[in-house]
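Under UniProt numbering, the first residue of the sequence shown carries the number 1, and numbering increases by one thereafter. Glycine included, every Cβ here is placed at the ideal spot set by N, Cα and C.
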Amino acid sequence: MKPVSLAVKIVSLLFLLGSLLCLILTLIIGSSNSSALGKFYWLETDCSQYSGSPIQGRCRWTSYGLCGVGSDGKNTGCTKSKAAYPFSPKNNFKTTKDVPSAFINNRNKYFYMSRIGWAFSLIGLFFLVCSIIPFIIYIILHKGLKWVFIGFYSAAFIFTAVSMALSTAVYASGKSVFHHDGNSAKIGPRALTTAWISVGCFIVNFFLISYLAAQRDNSYRTPDAYDEYGNERKGFFHRLVHPKEEYPAVAPADEPIMGDRLSYLSQQAEQNNGARFMDSVNVDNDAVAAQPSVEEKQKVSRFKRLFTTPVKAPKSGNELSANASPPPQYASPSADGQYEQQVQNVMKRLEQEKAEAVANT
1 MKPVSLAVKI
11 VSLLFLLGSL
21 LCLILTLIIG
31 SSNSSALGKF
41 YWLETDCSQY
51 SGSPIQGRCR
61 WTSYGLCGVG
71 SDGKNTGCTK
81 SKAAYPFSPK
91 NNFKTTKDVP
101 SAFINNRNKY
111 FYMSRIGWAF
121 SLIGLFFLVC
131 SIIPFIIYII
141 LHKGLKWVFI
151 GFYSAAFIFT
161 AVSMALSTAV
171 YASGKSVFHH
181 DGNSAKIGPR
191 ALTTAWISVG
201 CFIVNFFLIS
211 YLAAQRDNSY
221 RTPDAYDEYG
231 NERKGFFHRL
241 VHPKEEYPAV
251 APADEPIMGD
261 RLSYLSQQAE
271 QNNGARFMDS
281 VNVDNDAVAA
291 QPSVEEKQKV
301 SRFKRLFTTP
311 VKAPKSGNEL
321 SANASPPPQY
331 ASPSADGQYE
341 QQVQNVMKRL
351 EQEKAEAVAN
361 T
């Protein structure tokens, strides 16, 4: 495993555990007043103006009940603990007297949004726990469980984000209603911050997960994962893998194309013939250069005949007599005769090199 990938996995796991911790803290707001959670609440206002309120003085809404405010700033004197305690003053105070009309006319809005928000947090926690197990297995065994993790993690993110959006909206709306009624109110900063930190951990972790999903770790792959041509075997819905090309589709860098192809072939022929000729020369100091062999001369002759084929010109009664034979003409493969001229130049150059080699010895 690459060190970078391992580091990203560890950081991703830390963000995963961080979002899990913040989500749990959000769910248990108001469940305990003796610990640091006693200072967590969703909304605080003055309930002394409402005769039906079970709490007189400053009161706070939590996820488990309606609480008063102690001298140490913690929740105290809470009502009977009940999970998913609704934020609905009409139901909480059990009366409509002196209750703002917005809470009475829109009772279902506040009641269900607050309870659904808590329920969605619980569902998000379930999917988040389910995503931790395959992620840890993926880190330790390097097996392909990351897509299982991504599925659970995405579901956890969706439910958690919707939950925090609903909770924030309902309590922010309640704060505005209390202010409009002339009553001071404020949203609990600790609860709201913890809730959105969990969402922030989800978002940051998605970038890390995207990086891991784009990586490919082939260290655990078996030989069966590749076909006889060395290509990776595709899935059922992928197209078949064609054999690899034996020759590169692109010409070598030193090989000209199209217009320069003719000169390139001529140079190659010159080099090959020169190499064969030099191989026949003894490189020892007291050796004498050998003359071209009969076989070499035959090869040169065949090479000449291959590119220079004599073609008889048509006879003309006005210019030639019946018994006279016209001089041979050579047909050129190209229209301008460049091909024939280059081949002849190659032959002349070979003859000159042979003569110089013999003269030097």
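> Can you list the alpha helix (DSSP H) stretches of 4 or more residues lying completely in the segment 88-142, in chain order?
Replying inline: The qualifying runs are 89-92, 101-105, 107-141.
> Excluding five sequence neighbours on each side, which residues of the same chain lie with their C-beta closer than 8 Å to the C-beta of residue 205?
Replying inline: The residues are 12, 15, 16, 19, 153.
> Residues in its own chain within less than 8 Å of residue 128 by CB, not counting five upstream and five downstream?
Replying inline: These residues qualify, in order along the chain: 16, 19, 20, 23, 152, 153, 156, 160.
> What are the complete beta strand (DSSP E) segments, minimum 3 residues, inside the segment 138-193?
Replying inline: Entirely contained in the segment 138-193, the beta strand (DSSP E) runs reaching 3 residues are, in chain order, 185-187.
> What's the call for residue 195, buried or exposed, on a 16-neighbour Cβ count within 10 Å?
Replying inline: So residue 195 ends up on the buried side.
> Using 8 Å as the threshold, is the segment 34-49 in touch with the segment 58-69, meaning 3 or more CB pairs across them?
Replying inline: Contact between the segment 34-49 and the segment 58-69 is present, because at least three Cβ pairs lie under 8 Å.
>> For residue 443, which residues in the same chain have their Cβ closer than 7 Å to its Cβ, ignoring the five residues on either side in sequence?
In response: Nothing can be reported for residue 443: it is not among the residues displayed for the chain, which extend from 1 to 361.
>> Considering just the uninterrupted stretch of the alpha helix (DSSP H) at residue 14, what are its terminal residues?
In response: In this chain, the alpha helix (DSSP H) harbouring residue 14 covers 3-27.
> If we ignore side chains and look at the alpha-carbon of each, how far apart do residue 8 and residue 203 end up?
Replying inline: The straight-line gap from Cα to Cα measures roughly 15 Å.
> What is the C-beta distance between residue 100 and residue 4, in whole angstroms, given that I count them as a contact (C-beta under 8 Å)?
Replying inline: With 8 Å as the limit, residue 100 and residue 4 do not qualify as a contact, their Cβ atoms being about 56 Å apart.
> Hey, how far is the Cα of residue 345 from the Cα of residue 354?
Replying inline: For residue 345 and residue 354, the distance between alpha carbons rounds to 14 Å.
>> Run through the DSSP bridge pairs and tell me what residue 208 is partnered with.
In response: As computed with DSSP, residue 208 is found in no beta bridge at all.
>> Does residue 70 come out as helix, strand or coil in the three-state DSSP assignment?
In response: Coil, per DSSP.
> For residue 86, is the classification buried or exposed, using 16 other Cβ atoms within 10 angstroms of its Cβ as the cut-off for buried?
Replying inline: Residue 86 is buried by the Cβ-count criterion.
> Going straight from the alpha carbon of residue 91 to that of residue 80, what length do you get?
Replying inline: Distance between the alpha carbons of residue 91 and residue 80: 14 Å.
> When the distance is taken between beta carbons, is residue 31 closer than 7 Å to residue 93?
Replying inline: No; because the gap between Cβ atoms is not below 7 Å, this pair is not in contact.
> Identify the residues that DSSP records as bridge partners of residue 58: which are they?
Replying inline: Within the DSSP secondary-structure output, residue 58 pairs in a beta bridge with 46.
> Relative to the alpha-carbon of residue 27, which residue among 88, 10, 140, 122 has its alpha-carbon at the smallest distance?
Replying inline: Taking only the C-alpha atoms, the option nearest residue 27 is 122.
> Is residue 74 closer than 7 Å to residue 105 when the C-beta atoms are compared?
Replying inline: Judged by their CB atoms, residue 105 and residue 74 are not nearer to each other than the 7 Å cut-off.
> Exposed or buried, which one is residue 117 when buried takes at least 16 other CB atoms within 10 Å?
Replying inline: Looking at its Cβ environment, which holds 16 or more other Cβ atoms inside 10 Å, residue 117 is buried.
> Under a Cβ-count criterion, where at least 16 other Cβ atoms within 10 Å of its own Cβ denotes burial, should residue 125 be classed as buried or exposed?
Replying inline: Only buried fits residue 125, as 16 or more other CB atoms lie within 10 angstroms of its CB.
>> Can you check which of these residues, 201, 83, 184, 38, is closest to residue 48 by C-alpha distance?
In response: Closest option to residue 48, Cα to Cα, is 184.
> For the ligand NAD, any of its heavy atoms closer than 6 Å to the Cβ of residue 99?
Replying inline: The ligand content of the structure shown is nil, which means the ligand NAD is not present either.
>> Just to confirm, is the Cβ distance from residue 113 to residue 166 under 7 Å?
In response: A contact, by the Cβ cut-off of 7 Å.
>> Out of 55, 186, 46, 145, which one is the CA nearest neighbour of residue 76?
In response: It is 55.
> Exposed or buried, what is residue 207 when buried is set at 16 or more other beta-carbons lying within 10 Å of its beta-carbon?
Replying inline: Around the beta-carbon of residue 207, fewer than 16 other beta-carbon atoms lie within 10 Å, marking it exposed.
> When burial is assigned at 16 or more other CB atoms within 10 Å of the CB, is residue 364 buried or exposed?
Replying inline: The requested residue 364 is not part of the displayed model; the chain covers only 1 to 361.
> Just checking my contact of residue 82 with residue 70 at CB under 8 Å: how many whole Å lie between their CB atoms?
Replying inline: Contact between residue 82 and residue 70 is ruled out by a C-beta separation of about 21 Å, above the 8 Å threshold.
>> Using C-beta distances below 8 Å, list every residue in its chain close to residue 212, excluding the 5 sequence neighbours before and after it, in chain order.
In response: In its chain, beyond the 5 residues on either side, 5, 8, 9, 12, 146 have a beta carbon closer than 8 Å to the beta carbon of residue 212.
> Is the CB-CB distance between residue 111 and residue 131 below 7 Å?
Replying inline: Not closer than 7 Å, so no.
> Should residue 29 be labelled buried (16 or more other beta-carbon atoms within 10 Å of its own) or exposed?
Replying inline: Of the residues assessed, residue 29 falls on the buried side of the cut-off, its CB having 16 or more other CB atoms within 10 angstroms.
>> Please classify residue 139 as buried or exposed, where buried requires at least 16 other C-beta atoms within 10 Å of its C-beta.
In response: That one is buried.
> Nearest-angstrom Cα distance between residue 72 and residue 187?
Replying inline: Each residue's alpha carbon lies about 18 Å from the other.
>> On the criterion of 16 or more Cβ atoms from any shown chain inside 10 Å, does residue 182 qualify as buried, or is it exposed?
In response: So residue 182 counts as exposed.
> residue 76 bridges to which residues according to DSSP?
Replying inline: In DSSP, residue 76 forms a bridge with 68.
> Where does residue 141 land, buried or exposed, given buried means 16+ other C-beta within 10 angstroms?
Replying inline: Exposed is the call here.
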